[in-house]
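Residue numbers (this note's numbering), protein chains in the order written: chain A, 17 to 148; chain B, 12 to 199.
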Amino acid sequence: MVRRKVSRWVLIYLTLSIFVTSAIPARSLAYTIPTIAGLEEGAYNRQKDMAIIQKELESKIISQRLKDLGLTPQEIKERLSRLSDAEIHAIASQIEALKAGGDGTGLLVAMLLILVIVLLILQITGRRIVIQ
Amino acid sequence: MFPLPKRGVAALSSLLILTGCSLPRIITLKDPLTVEEHLRLGAIYESRRELDLALKEYHRAFRKDPRDPRVMFSMGNVYLAKDQPEKARTYYKRAIDLNPSWPPPYNNLALVLIKEERLKEAEIYAKKALELNPENPAPYLDTLGVVYMKRGEYEKAERYFLKALERAGKEGREEIERHLRESRDAQR
Numbered sequence: 017m018v019r020r021k022v023s024r025w026v027l028i029y030l031t032l033s034i035f036v037t038s039a040i041p042a043r044s045l046a047y048t049i050p051t052i053a054g055l056e057e058g059a060y061n062r063q064k065d066m067a068i069i070q071k072e073l074e075s076k077i078i079s080q081r082l083k084d085l086g087l088t089p090q091e092i093k094e095r096l097s098r099l100s101d102a103e104i105h106a107i108a109s110q111i112e113a114l115k116a117g118g119d120g121t122g123l124l125v126a127m128l129l130i131l132v133i134v135l136l137i138l139q140i141t142g143r144r145i146v147i148q
Numbered sequence: 012m013f014p015l016p017k018r019g020v021a022a023l024s025s026l027l028i029l030t031g032c033s034l035p036r037i038i039t040l041k042d043p044l045t046v047e048e049h050l051r052l053g054a055i056y057e058s059r060r061e062l063d064l065a066l067k068e069y070h071r072a073f074r075k076d077p078r079d080p081r082v083m084f085s086m087g088n089v090y091l092a093k094d095q096p097e098k099a100r101t102y103y104k105r106a107i108d109l110n111p112s113w114p115p116p117y118n119n120l121a122l123v124l125i126k127e128e129r130l131k132e133a134e135i136y137a138k139k140a141l142e143l144n145p146e147n148p149a150p151y152l153d154t155l156g157v158v159y160m161k162r163g164e165y166e167k168a169e170r171y172f173l174k175a176l177e178r179a180g181k182e183g184r185e186e187i188e189r190h191l192r193e194s195r196d197a198q199r
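1. Drop a sphere of 10 angstroms on the beta-carbon of residue 154 (chain B), count the other beta-carbons inside from all chains shown, and report buried for 16 or more, exposed for fewer.
2. Using a Cβ-Cβ cut-off of 7 Å, state whether residue 55 (chain A) counts as contacting chain B.
3. Assign residue 50 (chain A) to one of two classes, buried (16 or more other C-beta atoms within 10 Å of its C-beta) or exposed (fewer than that).
4. Does any residue of chain B bring its CB to less than 7 Å from the CB of residue 127 (chain A)?
5. Contact check, residue 84 (chain B) vs residue 116 (chain B) under 8 Å by CB: the rounded distance?
6. Quick one: any contact between the stretch 93-112 of chain B and the stretch 121-129 of chain B, if contact means 3 or more CB pairs under 8 Å?
7. Put residue 42 (chain A) into one of helix, strand or coil per three-state DSSP.
8. Residues of the stretch 95-107 of chain B with a CB closer than 9 Å to any CB of chain A: list them in chain order, please.
9. How about residue 64 (chain B) and residue 112 (chain B): do their beta carbons lie closer than 7 Å?
10. Does the beta carbon of residue 111 (chain A) come closer than 7 Å to any beta carbon on chain B?
11. Within 10 Å of its beta-carbon, does residue 78 (chain B) have 16 or more other beta-carbons around it, so buried, or fewer, so exposed?
12. Report the rounded CA-to-CA distance for residue 148 (chain B) versus residue 185 (chain B), giving the unit in angstroms.
13. Using beta-carbon positions only, say whether residue 156 (chain B) and residue 136 (chain B) come within less than 7 Å of one another.
14. Specify the secondary structure class of residue 146 (chain B) as computed by DSSP and reduced to three states.
15. When the Cα of residue 91 (chain B) is compared with those of B:183, B:57, B:178, which residue comes out closest?
16. Residues of the stretch 74-94 of chain A in Cβ contact with chain D at a cutoff of 9 Å, in chain order, please.
17. For residue 104 (chain A), which residues from the same chain have a beta carbon less than 7 Å from its beta carbon, with the 5 sequence-adjacent residues on both sides left out?
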């Protein structure tokens, strides 16, 4: 008896929800001109082309960063050849993190060293620093 | 205070410098990509729905050329995709200011206005886009169709969708057909 009552309510609920959802018109928006189409109509539509271009540009970004960090072209080539497309994408998207001592420690060490050198120079030239 | 022997200090500092006390270097980071390449990479990320990455690329392009309307248009598209119409509107307007004869930002600005139910303004911008590029009118005719459908002018909307279909290439065809169906359903 209870079971039949529950099924009836479920049936009413389902009917109502179908009616309500179908009565509301679908959210309609004209099609956005995608950036790619806006930039160069008809170009780079195929997924394959996009993957190739993406890899090429991301490799360029990584190569430059490695070059900035002092690696030789040979070393850069070797490192890049070991990376998969997904790894290249992951590194390129986190390129800001790819720094030598990028956490600010380098700057602190440099400032301390400059301070030490200045003190040494003053010491050598016979000057003294007095803090009163 | 215990005085440091001058020669000793000089020798020690020279030794430190010469024997492996690696000094921190100042590295100048160069951006290897051109504005076009940043835009292209950003557009690829955008088409894969990696919107934050796309935005980063557009910001890099902006640093290289803050007066490029394509950068503004691309940023507008990312914000539209992120459902932030106010920001999208701002960027489309900047793109229009930078190049008033380029139709895509007019069309996409019309879309933002449709979203905000500002249909009269949307119609003006879509018409302007159509006027600027009569050779490739399909997206603009479709946008106008949507404006009329939203205003309840179904017959007019249908005419525009049919015209858009006549002129549409492969891209966007499905979308126009969907709008046409929606308009016909709403009319019934």
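Built from N, CA and C at the ideal position, the CB exists for glycine as well.
Well, looking at it:
1. Translated into the one-based positions of the second sequence, residue 154 (chain B) becomes position 143. When all chains shown are included, residue 154 (chain B) counts as buried.
2. Residue mapping note: residue 55 (chain A) aligns to position 39 of the first sequence, counting from 1. It does: the Cβ of residue 55 (chain A) has a partner Cβ on chain B nearer than 7 Å.
3. Position 34 of the first sequence, counting from 1, holds the residue named residue 50 (chain A). That one is buried.
4. One-based indexing of the first sequence puts residue 127 (chain A) at position 111. No, residue 127 (chain A) does not count as interfacial toward chain B.
5. Taking the second sequence and counting its residues from 1, the one referred to as residue 84 (chain B) is at position 73. Taking the second sequence and counting its residues from 1, the one referred to as residue 116 (chain B) is at position 105. With a Cβ gap of about 5 Å, residue 84 (chain B) and residue 116 (chain B) count as contacting.
6. yes
7. Within the first sequence, numbered from 1, the residue matching residue 42 (chain A) stands at position 26. Here the model assigns residue 42 (chain A) a pLDDT of 43, short of 50, so the residue's position is not dependable and the matter cannot be decided.
8. none
9. For the purposes of this step, residue 64 (chain B) is taken as residue 53 along the second sequence, with counting starting at 1. For the purposes of this step, residue 112 (chain B) is taken as residue 101 along the second sequence, with counting starting at 1. Contact: no.
10. Start at 1 with the first residue of the first sequence, and residue 111 (chain A) comes out as number 95. No - not a single Cβ of chain B is within 7 Å of the one on residue 111 (chain A).
11. Taking the second sequence and counting its residues from 1, the one referred to as residue 78 (chain B) is at position 67. Exposed, by the Cβ-count rule.
12. If you number the second sequence from 1, residue 148 (chain B) lands on position 137. If you number the second sequence from 1, residue 185 (chain B) lands on position 174. For residue 148 (chain B) and residue 185 (chain B), the distance between alpha carbons rounds to 16 Å.
13. Sequence index remark: in the second sequence, residue 156 (chain B) carries index 145 (1-based). Sequence index remark: in the second sequence, residue 136 (chain B) carries index 125 (1-based). No, Cβ-Cβ distance for residue 156 (chain B) and residue 136 (chain B) is not below 7 Å.
14. As a working mapping, residue 146 (chain B) is identified with position 135 in the second sequence. Residue 146 (chain B): coil per DSSP, three-state reduction.
15. Position 80 of the second sequence, counting from 1, holds the residue named residue 91 (chain B). Comparing Cα positions, the closest option is B:57.
16. Within the model displayed, chain D is absent; protein chains A and B are what it includes.
17. As a first step, residue 104 (chain A) is located in the first sequence; it is residue number 88 there, counting from the start. Once the five neighbours on either side are set aside, the close Cβ partners of residue 104 (chain A) are 71, 74, 75, 78.
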